[in-house]
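**Student:** Pasting a structure below so you can have a look.
There are 2 protein chains.
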Amino acid sequence: MTQHRTPARLAGLAAVGFAALAATSTFAFQQMSAVDLAQQGDDPAWAITEGLTTEIGPRPAGSDREAEARKWAVATLQKMGFANVREEPYQMPVWQRGEEKAWLTGPFLPQSLAITALGNSGSTGPKGIEGEIAYFASFDALVAAADSAVKGKIVFIDNQMEPTQDGSGYGLYGRGRFMGPSVAAKKGAIGIVIRSIGTDNHRNPHAGVTNFADGVTPIPAGAISNPDADQLVRQRQRATGPLKMKLLLTPKTIGDQTSGNVIAEVPGSDPAASPVIIACHLDSWDLATGAIDDAAGCGIITAAAKHVMTAGQPRRTIRLLWAGAEEVGVFGGQAYFDKHGKEKHAVALESDFGADRVWRVDFSLPDSADDLAKRIGVALAPFGVVTGHGEAHGGADVGALIQAGVPAVDLQQDGTRYFDLHHTPDDTLDKVDPAQLRQNVVAWTATLGLLANSSDSELP
Amino acid sequence: MTQHRTPARLAGLAAVGFAALAATSTFAFQQMSAVDLAQQGDDPAWAITEGLTTEIGPRPAGSDREAEARKWAVATLQKMGFANVREEPYQMPVWQRGEEKAWLTGPFLPQSLAITALGNSGSTGPKGIEGEIAYFASFDALVAAADSAVKGKIVFIDNQMEPTQDGSGYGLYGRGRFMGPSVAAKKGAIGIVIRSIGTDNHRNPHAGVTNFADGVTPIPAGAISNPDADQLVRQRQRATGPLKMKLLLTPKTIGDQTSGNVIAEVPGSDPAASPVIIACHLDSWDLATGAIDDAAGCGIITAAAKHVMTAGQPRRTIRLLWAGAEEVGVFGGQAYFDKHGKEKHAVALESDFGADRVWRVDFSLPDSADDLAKRIGVALAPFGVVTGHGEAHGGADVGALIQAGVPAVDLQQDGTRYFDLHHTPDDTLDKVDPAQLRQNVVAWTATLGLLANSSDSELP
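Order-wise, the sequence lines are chains A and B. Numbered by the working numbering, the letters in the first sequence go through residues 2 to 461 in order. Numbered by the working numbering, the letters in the second sequence go through residues 2 to 461 in order.
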């Protein structure tokens with residue numbers, strides 16, 4: 002993907018762009034005119050994304066850093082004028098990264114591999130392990146393999162994900178990460194390494210959580226970068242005998258720790274009306290500052306709520322959920338559901354797919370909201386957003402709500418380059434395009450304004 | 002820069018492309034027709050680039066790996082039918098990378114930086130050092146600073162190189178790396194970190210050698226990636242007090258070790274005619290497999306020499322120099338000059354600027370060769386190569402020869418994305434575009450054929 006350098010000195014330009022964009026656009030919107038938006042002239046989405054990534058940096062779930070990020074979030078949301086700003090803590094099990102190294106050790110000269118442990122990986126112990134590589138072209142090939150092809154070996158799953166605009170490859174190719182280690186462990190593998198679930202060609206492996214089935218003892222599990230996976234494949238083509246690998250991964254689990262959600266609200270004028278919930282997640286993987294995953298999402302939803310609030314009090318309360326511990330198992334989303342799942346919610350939305358532009362809107366709304374959905378589609382069209390025919394699924398942190406029947410709207414972001422960066426050391430602020438970030442805020446503001454001012458006959 | 006994934010499985014396509022390209026092109030060339038070229042049908046440039054990077058991998062100067070690479074080179078060149086294939090060893094001082102870590106430690110939460118030590122860096126010792134950062138926008142700003150602004154601090158030089166097609170930014174921005182550490186040490190700095198001399202936005206810092214002036218004790222010196230430098234700049238903008246950094250770099254020098262050049266020849270039909278020398282370098286930085294720097298260069302010159310040899314014996318001998326230890330101080334080029342500098346050489350060329358296409362040809366030839374230069378220009382034009390008006394400077398490994406008066410031809414490669422990759426962990430085979438590699442070979446073959454068959458009245 003084309004990723005030009007966006008030096009820090011350009012960041013300031015973002016502040017003036019939002020007003021310009023809003024002022025020059027046809028902006029069909031119930032409570033707020035383009036002029037209203039233009040008069041705001043600030044860029045809270047950029048300010049939040051930059052502030053969180055610069056002052057806090059990486060925010061692993063259940064860590065002191067995540068706790069500092071919650072304090073930062075509370076202070077920021079209060080300063081922006083939101084109401085009922087608070088932390089809602091919960092406990093969650095924490096896995097911590099240790100040393101991580103790997104080498105191709107034969108039949109050629111040893112070569113170092115860029116590797117990262119998958120979340121919940123077992124440890125090799127401090128001396129590491131060495132073994133023959135059992136190669137599988139795909140997760141399905143591993144599943145189909147006899148135990149004897151795997152037992153005592155280090156499994157390698159070589160499935161190359163290709164970019165898609167809607168990110169739909171993640172489910173298919175991600176299985177190698179989500180489930181591959183558990184399958185390999187059950188078949189007797191001593192370790193597993195996968196080609197990163199990613200679409201870039203940099204020596205920065207993609208982290209991410211894996212899950213071992215009940216009763217399966219975790220084995221060491223890591224992801225190597227795409228160029229390293231290519232190298233393994235080439236060595237395999239050139240080697241006459243088996244390939245060997247040495248693996249050193251020393252992560253550990255440290256038991257339950259405190260994590261938490263941060264909640265804030267724009268109080269609605271009708272206290273009896275059910276609220277609109279909009280979500281992002283505050284935690285990030287530890288390898289980078291989590292700019293696209295998901296500081297930008299928090300920036301987008303918060304800027305939109307701020308713009309709606311500034312334009313005039315909405316009828317429904319808007320509740321912001323900056324969820325904790327999404328990356329390692331959606332503990333924050335579950336904690337929110339456990340605490341608030343019985344309350345009524347009019348509709349749920351989440352921004353957790355980077356900072357590139359919204360290109361499609363999908364709805365899962367009751368029939369009574371057909372006209373509302375049409376009005377949203379009309380409002381978004383000038384910003385290059387098409388109305389899709391798919392269902393809306395929200396994001397992970399509102400997933401439990403939506404499964405329980407809460408309506409949803411998805412503002413689908415362009416994911417073409419998302420998996421170049423997702424869960425890698427490269428998820429840093431320079432990857433956020435200020436112009437596309439602003440388009441997100443405009444699309445969210447228009448949508449949120451219409452939803453928050455919808456009638457009870459449209460949304461329950 | 003756009004860098005699509007080039008999976009290993011596509012590599013095989015390279016083998017058929019060269020013949021196709023040659024067959025469809027107008028190929029004005031004295032001894033070889035396009036049909037001759039087409040009949041060869043193999044792709045030795047790719048085979049060498051892939052083989053060297055896959056089977057040997059990183060090839061640091063003066064290491065056992067470089068020695069293995071020489072053996073690989075001798076075997077390959079002999080197998081390809083070259084004559085007088087041999088190693089020419091020499092001794093050189095060796096610097097070895099150790100641990101390398103860095104953190105921004107204040108005033109915000111500690112954040113890890115992606116850092117690599119510069120060649121010849123001093124060591125922080127195993128406990129590291131911590132200090133206040135003395136910020137300089139450029140190398141010139143550091144030079145102009147009072148000692149008191151630097152003494153006891155860790156210097157940071159923040160100069161952002163931009164891409165150019167001819168790579169001309171390297172000289173200007175590179176000074177921060179070449180000379181910055183020596184200047185900082187003289188002014189009393191305890192360490193120095195520079196923004197990588199690179200044009201990418203990945204968390205992969207750019208290595209490279211630095212030189213301390215005589216009598217100056219080396220201080221710890223590293224390069225951080227562009228995103229990390231951006232982060233430092235942003236923290237500086239947000240901080241009310243000074244920034245602090247912790248630095249752990251533990252490289253060491255291990256004294257003189259054996260390195261060596263590999264030489265091979267295409268014997269000419271006229272033993273009295275002075276030879277054409279074509280060069281590349283065999284060593285690479287240790288962070289990657291050195292595909293673009295400079296396995297591809299060795300692939301290009303060797304493929305061209307092979308094609309000329311296959312087309313019919315040239316009048317002049319073609320001598321191939323696969324130089325050792327270029328990266329750390331051109332020890333191989335100097336050793337060649339010390340041993341062979343007194344011999345006559347008709348003309349010198351080098352390929353050491355990646356694998357992207359040749360876009361310009363420059364000449365530093367005697368007036369007697371005006372028509373020869375014109376013939377080369379005519380031969381190259383169909384392949385998108387313009388004739389430049391600049392001088393030719395060869396490459397580092399033939400630099401001493403050219404300084405001593407040997408004529409030169411430069412086949413200038415497109416450097417627009419070269420400094421995205423140069424000296425980083427990302428210098429891997431997937432970055433080599435097979436189509437552009439083939440264009441290099443075609444341009445080199447045409448040029449080399451004309452030069453090797455030039456008369457004594459054209460080149461002395």
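Just so you know, even glycine gets a beta-carbon here, dropped at the ideal spot from N, CA and C.
1) Cα separation between P275/B and L422/A?
2) If you pair each beta-carbon of the segment 229–238 of chain A with each one of the segment 279–291 of chain A, do three or more pairs fall below 8 Å?
3) Extract the residue ranges of the beta strand (DSSP E) inside the segment 342–384 of chain B, only unbroken runs of 3 or more that lie entirely within it.
4) Can you find the residues in the same chain that come closer than 7 Å, C-beta to C-beta, to H394/B, ignoring five residues on each side of it along the sequence?
5) Taking Cβ positions only, does A356/B come closer than 8 Å to chain A?
6) In its own chain, which residues sit with a C-beta less than 8 Å from the C-beta of I225/A, not counting the 5 before and 5 after it?
7) Assuming L438/A and A46/A make a contact with CB atoms under 8 Å, what is their CB distance in whole Å?
8) Beta-carbon within less than 6 Å of A186/A's beta-carbon, same chain only, minus the 5 sequence neighbours each way: which residues are those?
9) Can you give the Cα-Cα distance for Y337/B and D148/B, rounded to whole angstroms?
10) Could you give the C-beta distance for A370/A and T50/A, rounded to a whole number, given that I count them as a contact under 8 Å?
11) Rounded to whole angstroms, what's the CA-CA distance from R176/A to H424/A? Just pull it up for me.
12) Is R320/B close to chain A, meaning its C-beta is less than 8 Å from at least one C-beta of that chain?
13) Of all the beta strand (DSSP E) runs that stay within the bounds of the segment 110–137 of chain A, which reach a length of 3 or more residues?
14) Mind pulling the chain B residues with CB within less than 9 Å of P228/A?
15) Over what stretch of residues does the alpha helix (DSSP H) that includes T290/A continue unbroken?
16) Relative to the C-alpha of G406/A, which candidate in L53/A, S260/A, G330/A and A349/A has its C-alpha closest?
17) Quick check: what's the CA-CA separation for P59/B versus G261/B?
18) Compare the C-beta of G58/A against all C-beta atoms of chain B and say whether one is closer than 8 Å.
19) Counting along the chain, where does the alpha helix (DSSP H) carrying V386/A start and finish?
20) Would DSSP call L460/B helix, strand or coil?
21) With Q258/A as the anchor, note down where its beta strand (DSSP E) starts and where it stops.
22) Got a sec? Which residues, its chain only, sit under 7 Å from W73/B by beta carbon, not counting five neighbours each side?
23) In chain order, what are the residue ranges of uninterrupted beta strand (DSSP E) at least 3 long that sit wholly in the segment 166–230 of chain B?
24) Would you kindly work out how many angstroms separate the C-alpha atoms of G291/B and L430/B, rounded to a whole number?
25) Quick check on this structure: which residue in P461/A, L288/A and Q335/A has the alpha carbon closest to the alpha carbon of E100/A?
26) Give the straight-line distance between the Cα atoms of A190/B and W445/B, rounded to the nearest whole angstrom.
27) Within the 8 Å Cβ cut-off, does N205/B reach chain A?
28) Given this structure, state the Cα-to-Cα distance separating A447/B from T211/B, to the nearest angstrom.
29) Along the segment 107–134 of chain A, what residues have a CB closer than 9 Å to any CB found in chain C?
30) How would you call G391/A, buried or exposed, if buried means at least 16 neighbouring beta carbons within 10 angstroms?
31) Restricting to runs no shorter than 4 residues, where is the alpha helix (DSSP H) found entirely within the segment 41–110 of chain B?
32) Can you tell me which of P108/B, M93/B, L460/B and A84/B puts its alpha carbon nearest to the alpha carbon of H346/B?
33) Would R320/A and D271/A be called neighbours here (beta carbons separated by less than 8 Å)?
34) Interface residues of chain A around D294/B at Cβ under 7 Å?
35) Just the C-alpha distance for Q31/B and A453/B, rounded to the nearest angstrom, thanks.
36) In its own chain, which residues sit with a C-beta less than 6 Å from the C-beta of V277/A, not counting the 5 before and 5 after it?
**Tutor:** The answer reads as follows:
1) Taking the second sequence and counting its residues from 1, one reaches residue 275/B at position 274. Taking the first sequence and counting its residues from 1, one reaches residue 422/A at position 421. Here residue 275/B is Ser; the residue named in the question, Pro, does not match the sequence. Looking at the two C-alpha atoms, the distance is approximately 54 Å.
2) no
3) 348–351 and 359–365
4) The residue you call residue 394/B lines up with position 393 of the second sequence. Contacts found: I403, A409 and D411.
5) For the purposes of this step, residue 356/B is taken as residue 355 along the second sequence, with counting starting at 1. False, the Cβ-Cβ gap to chain A never drops below 8 Å.
6) Position 224 of the first sequence holds residue 225/A. Counting only Cβ-Cβ distances below 8 Å, and skipping sequence neighbours, we find A103, L114, A115, I116, V194, I195, R196, S197, P206 and L233.
7) Indexing the first sequence from 1 puts residue 438/A at position 437. Indexing the first sequence from 1 puts residue 46/A at position 45. The Cβ separation is near 5 Å, so the contact holds.
8) In the first sequence, counting from the first residue as 1, residue 186/A sits at position 185. For A186/A, where only same-chain residues beyond five positions count, the Cβ hits under 6 Å are V217 and I220.
9) Position 336 of the second sequence, counting from 1, holds the residue named residue 337/B. Position 147 of the second sequence, counting from 1, holds the residue named residue 148/B. Cα to Cα, Y337/B sits roughly 41 Å from D148/B.
10) On the first sequence, position 369 is the one that residue 370/A refers to. On the first sequence, position 49 is the one that residue 50/A refers to. About 31 Å; that fails the 8 Å criterion.
11) In the first sequence, residue 176/A corresponds to position 175, counting from 1. In the first sequence, residue 424/A corresponds to position 423, counting from 1. Taking the straight line from one Cα to the other gives about 16 Å.
12) Along the second sequence, read from residue 1 onward, the residue named residue 320/B stands at position 319. No, no contact with chain A.
13) 112–114, 116–118 and 130–137
14) Within the first sequence, residue 228/A is the residue found at index 227, counting from 1. Result: A289, T290, P426, D427, T429, L430, D431 and K432.
15) Numbered from its first residue, the first sequence carries residue 290/A at position 289. Taken as a continuous stretch (DSSP letters only), T290/A belongs to no alpha helix (DSSP H), as it is neither H nor E.
16) Walking along the first sequence from the start, residue 406/A turns up at place 405. Considering only alpha carbons, the answer is A349/A.
17) The residue given as residue 59/B occupies position 58 in the second sequence. The residue given as residue 261/B occupies position 260 in the second sequence. Using only the alpha carbons, I get a separation of about 16 Å.
18) Taking the first sequence and counting its residues from 1, one reaches residue 58/A at position 57. Cβ-Cβ to chain B under 8 Å: yes for G58/A.
19) If you number the first sequence from 1, residue 386/A lands on position 385. Run containing V386/A: none; DSSP gives neither H nor E here.
20) The count along the second sequence starts at 1 and reaches residue 460/B at position 459. Looking at L460/B - three-state DSSP - the assignment turns out to be coil, as it is neither helix nor strand.
21) What you label residue 258/A is simply residue 257 of the first sequence in a count that begins at 1. Its beta strand (DSSP E) spans residues K253 to V267.
22) Along the second sequence, one-based indexing puts residue 73/B at 72. The residues are L53, E56 and I57.
23) 192–196 and 222–225
24) For the purposes of this step, residue 291/B is taken as residue 290 along the second sequence, with counting starting at 1. For the purposes of this step, residue 430/B is taken as residue 429 along the second sequence, with counting starting at 1. Each residue's alpha carbon lies about 8 Å from the other.
25) By one-based count along the first sequence, residue 100/A stands at place 99. When each option's Cα is compared against that of E100/A, the closest is L288/A.
26) Walking along the second sequence from the start, residue 190/B turns up at place 189. Walking along the second sequence from the start, residue 445/B turns up at place 444. Approximately 47 Å, taken between the alpha carbons.
27) Counted from its first residue, the second sequence places residue 205/B at position 204. Taking Cβ atoms only, chain A reaches closer than 8 Å to N205/B, which makes this a yes.
28) As a position in the second sequence, residue 447/B is number 446, starting the count at 1. As a position in the second sequence, residue 211/B is number 210, starting the count at 1. Straight-line Cα distance between these residues: approximately 37 Å.
29) Given the protein chain composition of this structure (A and B), no chain C is represented.
30) Indexing the first sequence from 1 puts residue 391/A at position 390. Exposed, by the Cβ-count rule.
31) Within the segment 41–110 of chain B, the complete alpha helix (DSSP H) runs of at least 4 residues are 45–52 and 65–80.
32) The sequence position of residue 346/B within the second sequence is 345, counting from 1. Minimum Cα distance to H346/B is reached at L460/B.
33) Here residue 320/A is taken as the residue at index 319 of the first sequence, counted from 1. Here residue 271/A is taken as the residue at index 270 of the first sequence, counted from 1. No; because the gap between Cβ atoms is not below 8 Å, this pair is not in contact.
34) Within the second sequence, residue 294/B is the residue found at index 293, counting from 1. Listed along the chain, the chain A residues whose CB falls inside 7 Å of the CB of D294/B amount to none; the nearest CB is some 15 Å away.
35) Counting from 1 along the second sequence, the entry for residue 31/B is found at position 30. Counting from 1 along the second sequence, the entry for residue 453/B is found at position 452. Confidence is the limiting factor: at Q31/B the pLDDT is only 38, short of 50, which leaves the residue's position unreliable and the question unanswerable from this model.
36) Sequence index remark: in the first sequence, residue 277/A carries index 276 (1-based). Hits under 6 Å: R317, I319, A347, V348, L452 and A453.
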